[in-house]
Ligand code: B12
Ligand code: SF4
């Protein structure tokens, strides 16, 4: 039986956007790992012919029709997140018109299954983890049984180490293009579940994984996946997609012991952390395993807002975590959230002061979007306080650009007023990064050159030429701040 898996994540970035939108915009290059897990488990069965379509690589609807027609698959499985919902439905409609059996899954499908079921374009909307579910559904299709329109699964993978690596199922286009412009990075999911309860996200993790227990892979298995990436895709940096990589100290110790003990040269790492799951010991462990940067969801400098968001991190914890992070020489990256109901000028001032104090290397602002699957959505939607003309309006890239989100009782004029000073902070952070890069290059340069010696050779013509060459070289050093 032939199955086509379709990634429909083209909201905001558009068709034909794969790796084209600009460095740093991960929507354009990130691989849909969940879908790749499904492809890998299906292929592992040895009886399915599985291919993959990524809408970011197609010119539009016509090419999609053509691909689906030529592909000749029996089943089409679609995956997308909330902003791309309408594109996902388009895929379902076209596939249905061609007489295919259509499945849909992912976080949006799990949070709002009725919305997708009511379109009539999907034979089954899968709620929750997909690996066992898709195999069960394929079994039903093979037996010719009718599929339940909404398929709830409680059959979760107990031992994540048993899953094949998603990259074993990458279609060829992913290895030739996916990582280049971004310095060859790849994402790994080391665990499923999260200890946090943030109001703008929780309970999506619970809906997905049906359990509050967090499942972890073994350090050996994670390292093996890293080395698979390194050897097969020349990956130099791994981003951990885990929401809070630092929550389990015992696991981190084991991971460190394994990496150091086995002398395996893993790529460098970037991870997500929370201030209440971060201390000197964790920083030390991360340093030892080659972590370079950390992303913290600080979100706000206002204790009142932190409480509203249910961050479970105090302002003091955030400041302390930032300090430790810098002391250990990590790149400190801060995620901040604006446009929260009841947020006032006072709160923005506190956020600004907080950033001035911690001086992050990178700041990312998001205008709050109450995604389906989050407590904010569950609270605001029934009160009619979420207003959008298409699902694309949920995209945080869109809300940030407009300085306007989709919550009715938020003062977006105030948000717009503050976006400017916040942006200037981003520019400052950007310059700071460039200066750091420059300092680094100057240090390398200085370590090669004895300046007194240079002064002496400057008096002789042939040696002067050498000096000119060195100046040429210094241009290379200055290049990063001119970019
Ligand atoms: C990496 C990542 C991305 C990547 C890749 C996205 C992808 N589709 O994989 C990129 C950068 C593109 C991305 C973008 C966005 N992301 Co994101 N992302 C993540 C992150 C950190 C990891 C995803 C992952 O690999 N999970 C692990 C795998 C195993 O799980 P999975 O992807 O959910 O897949 C499983 C199931 O969902 C299911 N499944 C998935 N597809 C299908 C299809 C079928 C047919 C079936 C049967 C099953 C099935 O089976 C899979 C295996 O179990 C998650 C957080 C998280 N922990 O999940 C957020 C997360 C998914 N992202 C989120 C958000 C908000 C976004 C954005 C909307 C942000 C924005 N710009 O506003 C954008 C949307 C972009 C777009 N244009 O549509 C939210 C989702 C909210 C929502 N309601 O959709 C999450 C949950 C973060 C959060 N905690 O709020 N993201
Ligand atoms: S935002 Fe991150 S830390 Fe908070 S609940 Fe969601 S996944 Fe967990």
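Residue numbers (this note's numbering): 10 to 492. Glycine is no exception: its CB is placed at the ideal position from the N, C-alpha and C atoms.
Secondary structure of residue i, DSSP reduced to three states
| i | result |
| --- | --- |
| residue 117 | helix |
| residue 2 | The structure shown has nothing for residue 2, since the chain only spans 10 to 492. |
| residue 36 | helix |
| residue 318 | coil |
| residue 191 | Residue placement at residue 191 cannot be trusted, given a pLDDT of 49 that sits under 50; what the coordinates show is reported in the next sentence. In this structure, residue 191 counts as helix in the three-state DSSP scheme. |
| residue 23 | coil |
| residue 302 | strand |
| residue 226 | coil |
| residue 122 | helix |
| residue 491 | Any reading at residue 491 needs caution, since the residue's pLDDT is 42, under 50, leaving its predicted position unreliable; the model's value is listed next. Correct three-state label for residue 491: helix. |
| residue 478 | helix |
| residue 43 | helix |
| residue 201 | strand |
| residue 254 | coil |
| residue 395 | strand |
| residue 416 | strand |
| residue 166 | coil |
| residue 156 | coil |
| residue 402 | helix |
| residue 28 | coil |
| residue 286 | helix |
| residue 206 | coil |
| residue 339 | coil |
| residue 350 | coil |
Cβ neighbour criterion (16 or more within 10 Å) applied to residue i
| i | result |
| --- | --- |
| residue 347 | buried |
| residue 45 | buried |
| residue 407 | buried |
| residue 231 | buried |
| residue 309 | buried |
| residue 243 | exposed |
| residue 362 | exposed |
| residue 342 | buried |
| residue 259 | exposed |
| residue 217 | buried |
| residue 117 | buried |
| residue 399 | exposed |
Proximity winner among the options, relative to residue i (alpha-carbon distances)
| i | options | result |
| --- | --- | --- |
| residue 237 | 175, 248, 29 and 437 | 175 |
| residue 303 | 313, 279 and 411 | 279 |
| residue 55 | 135, 19 and 12 | 12 |
| residue 351 | 123, 337, 367 and 424 | 424 |
| residue 164 | 182, 219, 120 and 114 | 219 |
| residue 178 | 380, 426, 386 and 53 | 53 |
| residue 169 | 193, 202, 156 and 183 | 202 |
| residue 105 | 128, 399 and 123 | 128 |
| residue 10 | 74, 131, 38 and 82 | 82 |
| residue 385 | 445, 207 and 142 | 207 |
| residue 338 | 158, 301 and 323 | 301 |
| residue 181 | 427, 149 and 63 | 63 |
| residue 22 | 57, 135, 67 and 15 | 67 |
| residue 428 | 289, 355, 412 and 234 | 412 |
| residue 256 | 205, 228, 273 and 221 | 205 |
| residue 355 | 369, 331 and 314 | 314 |
| residue 76 | 15, 49 and 332 | 15 |
| residue 321 | 284, 27 and 390 | 284 |
Endpoints, the alpha helix (DSSP H) within which residue i is located
| i | result |
| --- | --- |
| residue 266 | 258-271 |
| residue 327 | 324-336 |
| residue 291 | 289-297 |
| residue 215 | 213-218 |
| residue 360 | 354-367 |
| residue 385 | 384-389 |
| residue 96 | 94-106 |
| residue 139 | Premise fails: residue 139 is in no alpha helix (DSSP H) and is neither H nor E. |
Counterpart residues of residue i in DSSP-defined beta bridges
| i | result |
| --- | --- |
| residue 12 | 59 and 84 |
| residue 373 | 344 |
| residue 173 | DSSP lists no partner for residue 173. |
| residue 112 | 86 and 133 |
| residue 196 | 248 |
| residue 127 | Beta-bridge pairing links residue 127 to no other residue. |
| residue 308 | 345 |
| residue 68 | Residue 68 pairs with nothing; no bridge assigned. |
Element boundaries [beta strand (DSSP E), containing residue i]
| i | result |
| --- | --- |
| residue 246 | 246-249 |
| residue 277 | 277-282 |
| residue 133 | 133-136 |
| residue 160 | 159-161 |
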